[in-house]
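**Student:**
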Amino acid sequence: MSNMDTRYLFKRYNTWWVKLAVPKDLKEKLGYDLRKSLKTHDLKTAQDLRWEVVDQLRNKIDRAKGLEEEQKIIPNVEEFVPPTDTSNPQYYHKVVDCQHACPAHTPVPEYIRQIAQGNYNEAYMLNWESNVFPGILGRTCDRPCEPACRRTRTHEKAVAICRLKRVTYDYKDDIASLIPQVEASNGKKVALIGGGPASLTVARDLVMMGYECTLFERDGKAGGLMRTNIPSFRLPEEVLDEEVNQVLNLGIKTIFNSEITSMTNLLEENFDAIFVGTGAPKGRDIKIDGRQEAEKNIHIGIDWLTSIAFEHTKSIGKKVIVLGGGNTAMDCCRTSIRLGAEQVKVTVRSPFDQMKASEWEIEDAMGEGIPIHDNHVPKKFIIRDHKLVGMEFEKVEAVFDENGKRSLVPTGEDPVIFECDDVLVAIGQDNAFEWIERDCGIEFGEWDMPIVDKVTFQSTNPKVFFGGDAAWGPENIIWAAAHGHQAAISIDKFCQNEDLYERPEPSTTLVSQKMGVHEWSYDNDISQARRFLVPHADQKESLKDLKMEVELGFDEKMALEEAQRCLNCDIQTVFSEDLCIECDACVDICPTDCINFIQNDAEENLRNSLRIPAINLNQEILVSEELEQTSRVMVKDEDVCLHCGLCAERCPTGAWDMQNFLYQEAKVYS
Amino acid sequence: MTYIVKPKNHHPLLERNELGLTRRDYEGAVSTLCAGCGHDSISSAIVEACFQLSIESYKVAKLSGIGCSSKAPAYFLNQSHGFNSVHGRMPSVATGAAMANHELLYLGVSGDGDSASIGIGQFIHCARRQVNMTYIVENNGTYGLTKGQFSATNDLESKSKYGDDNLFPSIDLPSMAIQLGASFVARGFSGDKDQLVPLLKAAIAHKGFSFLDIISPCVTFNNHNTSTKSYDYIREHNDSLAKPDFVPLGKEITANYEEGSSIEVPLHDGSLLSLEKLSEDYDPQDKISAIKSIQESQRDNKVTTGLLYVNPDAKDLKEILNVSDTPLNAMGSKDLCPGSEELSKINLSLK
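Here it is, written out as structure tokens:
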């Protein structure tokens with residue numbers, strides 16, 4: 118047994134290290150643990166060497182505790198930044214800005230590299246794992262990843278991550294064989310209310326584990342808002358059907374055209390858990406003069422879009438006003454044109470630059486010749502001969518008080534009158550939980566929303582879980598997918614009588630990419646190409662056809678070039694202080710001056726005394742242990758590191774290495 | 320060596336100098352020297368010094384001989400003039416160039432082989448003649464390009480990477496330079512840019528022969544634990560005379576030294592070299608004490624670094640020879656060759 122005695126020891130990079138846990142109250146000062154390399158790969162030697170190091174580290178802890186007299190001489194440890202704990206998976210995760218910003222933590226650079234190699238199937242499956250709907254999201258995602266992209270800090274425009282996701286769908290082969298096998302039934306039954314992205318994600322994750330999933334959908338097809346609210350010129354029905362069916366075909370029982378009207382009744386049925394993914398299905402109405410009389414020509418945006426999706430509505434008046442500045446408003450105005458409207462305008466209460474719609478959706482709407490009138494507050498509907506003929510607006514401007522609170526103040530100009538035949542109201546969405554009896558154990562809080570735990574997605578009735586827009590109000594598809602994964606984990610734990618707060622750890626791997634002296638298994642050259650624009654269909658044609666997809670997607674060559682723009686932020690710069698000889702080669706070669714060797718100090722001072730001060734506080738600094746020769750520390754500002762690997766190429770001792778960090782968010786089945 | 324070209328992207332907050340240039344504008348090609356070579360750090364220090372001094376690259380001539388060090392000029396100031404001469408003959412080329420056009424800034428880059436062995440005669444006379452240039456020896460104590468034989472600056476007690484003893488004493492170039500009349504002599508270390516950059520700036524600003532011996536570890540052949548020119552040996556034995564701070568003309572002195580601990584040396588162009596003394600009886604304008612401190616630290620197995628000697632008032636070659644203020648290369652053929660009539664006049668005057 119003594120041969121295997123690894124107390125205080127662990128192996129990393131083929132070398133034995135000593136690791137000592139730090140008491141809880143000192144974690145802020147010293148980090149999660151203290152560790153030191155023994156520079157040997159032989160266990161026997163490591164066992165002999167360890168006690169001295171253990172003692173050293175213990176002394177360090179004692180000093181930090183203030184137990185030793187010396188403390189008076191040694192500057193307070195609080196004045197120093199402790200070595201960065203890169204064994205905490207969240208450190209490197211945060212360096213991968215896009216993945217960190219993605220609610221579902223999709224491994225973006227990893228799938229982009231697969232695209233560059235033409236491995237579309239693998240790239241698709243990486244997405245499918247994380248976000249379930251790559252083809253749909255590749256066309257419709259709100260792309261929280263793109264503003265986070267490192268390129269916005271180093272080159273201006275982000276990598277077209279979202280449209281590269283679409284590429285994985287467009288060029289994949291039949292991937293049926295790559296979808297994992299569903300496990301045998303475990304006898305547990307789960308009900309899913311609503312057939313949108315949140316429910317579908319929960320269903321996919323749980324069915325893999327052998328849960329019997331039953332999905333209730335009030336419409337005749339699953340998909341939720343992806344089907345009803347997103348027009349087919351943005352998301353073709355085939356794409357939607359393929360990815361929705363991909364989930365349903367895993368063995369999910371579906372009950373269509375059946376609206377659940379009583380939670381109490383459902384709770385009495387034989388389900389072990391219930392997931393509510395009903396979205397925010399109620400479009401907000403506007404209550405101004407003339408609303409009643411003009412009823413026939415005023416439509417609630419999302420309901421109107423739904424009736425078009427199911428082909429109940431096929432026409433609209435010649436002159437259309439769309440109220441609202443969100444993505445639904447953009448979809449409404451573009452749909453109107455395709456239904457034959459000749460004059461479509463959008464009016465927004467707020468200033469143009471504060472509109473809620475995504476930048477690119479506004480661009481697309483304006484590109485189709487639709488004017489957006491900002492600072493226009495609707496005042497009344499104008500009726501002539503019992504018919505809607507126009508709307509009156511008051512012009513306002515946004516004024517901010519000292520707390521930054523905005524108010525829209527009338528400018529005193531004459532009211533503006535726009536003629537119209539129809540008005541589409543797209544000014545927001547609300548949840549609708551009339552069907553949940555207030556005595557069934559689900560507590561409701563502010564805004565008449567159910568109280569849902571932010572970590573477990575459990576309501577106050579332990580059997581009932583919420584996710585997607587139903588949990589905390591309108592978000593977008595990628596959030597629904599992220600919620601779904603977490604809710605599935607919770608439902609599984611609930612059904613297995615486990616603690617819901619014990620969340621599973623993400624799976625991570627960190628693998629060196631070194632292939633030779635200056636050869637890496639990733640392409641480390643930095644593309645200077647500008648962001649590629651996705652080609653569009655001929656506008657004359659597409660404006661006539663509601664079903665013609667506007668965006669054509671990248672062709673393979675463009676996809677490759679765009680993929681090359683990715684900076685590979687998941688290829689981490691890993692520093693081993695015990696190998697460093699402080700020759701400065703990395704400092705000299707680094708194109709963006711990220712690397713510094715300086716005396717340790719309090720974090721603020723340290724950040725300010727770098728070659729180029731690390732003023733972006735959203736980005737971490739990587740701090741090494743004290744170096745042997747000069748007692749300085751290596752400090753790397755992660756902010757604008759290009760991940761070009763030149764530091765590692767110029768390092769004579771391999772103290773820098775480029776290592777691929779693959780972070781995969783835990784799923785219930787992983 | 321590196322296959323990819325260093326990306327041209329730089330940090331968005333990268334500082335610009337008076338010419339509106341960034342440090343990156345002073346770089347050269349990506350180095351083909353071994354990874355971790357001290358020479359690369361020196362190139363980077365030269366880049367930093369030229370950037371800080373807002374030097375116009377096209378007014379610089381980089382001259383070198385043969386060796387790893389002499390490849391280095393390709394790796395900085397890629398918009399300057401360059402001359403890669405025969406082994407050890409850089410001083411002659413520099414002397415000639417400086418005589419033809421004294422308006423350029425001459426940066427001679429040489430190594431211990433190029434200057435202390437094959438070119439030592441050239442080096443001696445260049446120093447003696449006070450050529451107005453900055454003469455840098457990138458000193459790694461080994462012949463790296465030919466697989467690590469001892470060079471003439473290798474210390475007697477040092478062993479080769481393969482365990483062989485060095486049988487001959489080393490040549491100390493700074494002591495020689497001081498004795499020969501060089502008016503600016505310093506020793507730096509490639510691993511300490513805080514000291515090296517101000518020294519380089521002062522050397523460039525100094526009028527006359529500025530000599531810089533820069534210890535530059537050879538990671539491949541002379542960075543082992545019996546070497547006296549390795550990163551850790553130099554760090555352990557470094558005996559720094561003073562912390563230099565170079566204050567360009569018209570700039571305020573910001574370094575705040577304790578009273579009595581600093582020395583200020585005004586240079587001829589109005590800039591100032593301010594030094595925070597680390598050793599009590601240190602006077603950089605006294606030749607004898609400079610040589611004494613070098614000898615003493617050698618005896619104590621230490622390596623003196625910092626500004627060793629400076630004479631800001633010394634004459635340079637152009638003044639000594641009383642050469643015309645207009646550079647020769649700017650004169651027309653009439654001025655350079657006034658014709659047979661003028662020649663006869665001169666001849667007559669000598670009769």
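Chains H and L supply the protein sequences, listed in that same order. Add 117 to the 1-based position in the first sequence for the working numbering, that's all there is to it. Add 319 to the 1-based position in the second sequence for the working numbering, that's all there is to it. Using N, Cα and C, we set each Cβ at its ideal position, and we do this for glycine too.
1) Can you give the beta carbon distance from Gly415(L) to Cys700(H), rounded, assuming they're within the 8 Å contact cut?
2) Give the residues of chain L in contact with Asn641(H), contact being defined as C-beta atoms less than 7 Å apart.
3) Would you report the Cα separation of Asp619(L) and Ser477(L), rounded to the nearest angstrom?
4) Which residues in the same chain as Ile190(H) place their Cβ atom closer than 7 Å to its Cβ, once the five residues preceding and following it in sequence are excluded?
5) Within 10 angstroms of the Cβ of Val634(H), are there 16 or more other Cβ atoms? Answer buried if so, exposed if not.
6) Are the C-beta atoms of Val74(H) and some chain L residue less than 8 Å apart?
7) What does Asn328(L) reach in chain H if we use C-beta pairs closer than 7 Å?
8) How is the alpha helix (DSSP H) around Gln231(H) delimited, first residue to last?
9) Beta strand (DSSP E) containing Leu155(H): first to last residue?
10) According to DSSP, simplified to helix, strand and coil, what is Ala320(H)?
11) What are the boundary residues of the beta strand (DSSP E) that includes Cys330(H)?
12) For Lys631(H), report the span of its alpha helix (DSSP H) as first-last.
13) I'd like to check one pair, Cys768(H) with Ala719(H): are the Cβ atoms closer than 8 Å?
14) Would Leu655(L) be called buried (16 or more neighbouring beta carbons within 10 Å of its own) or exposed?
15) Could you confirm whether any beta carbon from chain L is found closer than 8 Å to the beta carbon of Thr747(H)?
16) For Gly460(L) versus Asn541(L), is the C-beta spacing smaller than 8 Å?
17) Determine the chain H residues that contact Tyr550(L) at a beta-carbon separation under 8 Å, and present them in chain order.
18) Tell me, to the nearest whole angstrom, how far the beta carbon of Ala364(L) is from that of Val566(L); I am working on the premise that it is less than 8 Å.
19) Between which two residues does the alpha helix (DSSP H) harbouring Gly440(L) extend?
20) Starting from Leu627(L), trace the beta strand (DSSP E) both ways and give me its first and last residue.
21) Is Leu671(L) near Gly625(L), with beta carbons less than 8 Å apart?
22) Can you give the Cα-Cα distance for Ile606(H) and Ile594(H), rounded to whole angstroms?
23) Secondary structure at Glu186(H), three-state DSSP: helix, strand or coil?
24) Here's a check: name, in chain order, each residue in its chain whose Cβ is nearer than 6 Å to the Cβ of Ser524(L), leaving out the five neighbours to either side.
25) Does DSSP put Pro527(H) in a helix, in a strand, or in coil?
26) Any beta carbon of chain L sitting closer than 8 Å to that of Leu137(H)?
27) So is His653(H) buried or exposed if we call it buried at 16+ other beta carbons inside 10 Å?
28) Mark Glu246(H) as exposed unless 16 or more other C-beta atoms lie within 10 angstroms of its C-beta, in which case mark it buried.
29) Taking a contact to mean a Cβ-Cβ separation below 8 Å, would you say Ala598(H) touches Ala221(H) in this structure?
30) When DSSP labels each residue in this structure, what does Gln613(H) get in the three-state scheme?
31) Which bits of chain H does Arg554(L) rub up against, with CB to CB less than 9 Å?
32) Do the segment 324–343 of chain H and the segment 294–310 of chain H make contact, defined as three or more Cβ pairs closer than 8 Å?
33) When Cβ atoms are compared, which residues of the segment 139–161 of chain H fall closer than 8 Å to chain L?
34) Excluding five sequence neighbours on each side, which residues of the same chain lie with their C-beta closer than 8 Å to the C-beta of Ala324(L)?
35) Using the three-state DSSP reduction, which class does Leu669(H) fall into: helix, strand or coil?
36) Between Pro536(L) and Thr545(L), what straight-line distance do the alpha-carbon atoms span, to the nearest angstrom?
**Tutor:** The answer reads as follows:
1) On the second sequence, position 96 is the one that residue 415(L) refers to. On the first sequence, position 583 is the one that residue 700(H) refers to. So it is not a contact: roughly 36 Å between Cβ atoms.
2) Counting from 1 along the first sequence, the entry for residue 641(H) is found at position 524. Within chain L, the residues near Asn641(H) are Ile323.
3) The residue you call residue 619(L) lines up with position 300 of the second sequence. The residue you call residue 477(L) lines up with position 158 of the second sequence. So the two alpha carbons sit approximately 15 Å from each other.
4) Translated into positions along the first sequence, residue 190(H) becomes position 73. Annotation note: pLDDT 49 at Ile190(H) (below 50); position unreliable, no value reported.
5) Residue mapping note: residue 634(H) aligns to position 517 of the first sequence, counting from 1. So Val634(H) counts as exposed.
6) There is no way to answer for residue 74(H), as the model of chain H reaches only from 118 to 787.
7) Your numbering for residue 328(L) matches position 9 in the second sequence. What Asn328(L) touches in chain H: Thr271, His272, Ile643, Pro708, Thr709 and Leu759.
8) Here the question's residue 231(H) lines up with position 114 in the first sequence. From DSSP, the alpha helix (DSSP H) with Gln231(H) extends over Val225 to Ala233.
9) Against the first sequence, residue 155(H) aligns to sequence position 38. Here Leu155(H) belongs to no beta strand (DSSP E), and DSSP marks it neither H nor E.
10) Here residue 320(H) corresponds to residue number 203 of the first sequence, with the count starting at 1. Reduced to three states, the DSSP call for Ala320(H) is helix.
11) To locate residue 330(H), count along the first sequence from 1; it is residue 213. Start and end: Glu329 to Phe333.
12) Position 514 of the first sequence, counted from the start, is the residue given in the question as residue 631(H). Segment Lys631 to Gly633 is the beta strand (DSSP E) holding Lys631(H); no alpha helix (DSSP H) there.
13) Position 602 of the first sequence, counted from the start, is the residue given in the question as residue 719(H). Position 651 of the first sequence, counted from the start, is the residue given in the question as residue 768(H). No, these two residues do not count as a Cβ contact at 8 Å.
14) Taking the first residue of the second sequence as position 1, residue 655(L) is located at position 336. Looking at its Cβ environment, which holds fewer than 16 other Cβ atoms inside 10 Å, Leu655(L) is exposed.
15) Against the first sequence, residue 747(H) aligns to sequence position 630. Answer yes: the Cβ-Cβ gap between Thr747(H) and chain L drops below 8 Å somewhere.
16) As a working mapping, residue 460(L) is identified with position 141 in the second sequence. As a working mapping, residue 541(L) is identified with position 222 in the second sequence. Cβ atoms of Gly460(L) and Asn541(L): closer than 8 Å.
17) To locate residue 550(L), count along the second sequence from 1; it is residue 231. Ordered by position in chain H, the residues that pass the 8 Å Cβ test against Tyr550(L) are Ile698, Glu699, Cys700 and Gln746.
18) Here residue 364(L) is taken as the residue at index 45 of the second sequence, counted from 1. Here residue 566(L) is taken as the residue at index 247 of the second sequence, counted from 1. In fact, because the Cβ distance is near 18 Å, the residues do not count as touching under 8 Å.
19) For this step, residue 440(L) is matched to residue 121 along the second sequence. It spans Ile439 to Arg447 - the alpha helix (DSSP H) in which Gly440(L) sits, taken as one unbroken run.
20) On the second sequence, position 308 is the one that residue 627(L) refers to. Looking at the DSSP string, the run of the beta strand (DSSP E) that includes Leu627(L) is Val622 to Val629.
21) With chain L covering only 320 through 670, there is no way to say anything about residue 671(L).
22) Along the first sequence, read from residue 1 onward, the residue named residue 606(H) stands at position 489. Along the first sequence, read from residue 1 onward, the residue named residue 594(H) stands at position 477. When rounded, the distance between both Cα atoms is 19 Å.
23) Against the first sequence, residue 186(H) aligns to sequence position 69. Note that Glu186(H) scores 47 on pLDDT, short of 50, meaning its location in the model is unreliable; the coordinates nonetheless yield the value given after this. Here Glu186(H) sits in helix by DSSP.
24) Within the second sequence, numbered from 1, the residue matching residue 524(L) stands at position 205. A small fix is needed here, since residue 524(L) is Ala in this sequence, not Ser. Excluding residues within five positions, the ones whose Cβ falls inside 6 Å are Leu586, Asp588 and Ser590.
25) Here the question's residue 527(H) lines up with position 410 in the first sequence. Residue state, collapsed to three classes: strand.
26) Working through the first sequence from its first residue, we reach residue 137(H) at position 20. No, no contact with chain L.
27) Mapped onto the first sequence, residue 653(H) falls at position 536. Exposed is the call here.
28) The residue labelled residue 246(H) in the question sits at position 129 within the first sequence. The residue in question, Glu246(H), is buried, as its Cβ has 16 or more Cβ neighbours within 10 Å.
29) Within the first sequence, the letter at position 481 stands for residue 598(H). Within the first sequence, the letter at position 104 stands for residue 221(H). Contact: yes.
30) Looking up residue 613(H) in the first sequence gives position 496. In this structure, Gln613(H) counts as coil in the three-state DSSP scheme.
31) Start at 1 with the first residue of the second sequence, and residue 554(L) comes out as number 235. The answer, in chain order, is Glu699, Gln746 and Thr747.
32) yes
33) none
34) As a position in the second sequence, residue 324(L) is number 5, starting the count at 1. Note that residue 324(L) corresponds to Val in the displayed sequence, not to Ala. Only Val349 meet the Cβ criterion.
35) Residue numbering aside, residue 669(H) sits at position 552 when the first sequence is read from its first letter. In the structure shown, Leu669(H) sits in coil (DSSP, three-state: anything other than H, G, I, E or B).
36) Residue numbering aside, residue 536(L) sits at position 217 when the second sequence is read from its first letter. Residue numbering aside, residue 545(L) sits at position 226 when the second sequence is read from its first letter. When rounded, the separation of the alpha-carbon atoms in Pro536(L) and Thr545(L) is 13 Å.
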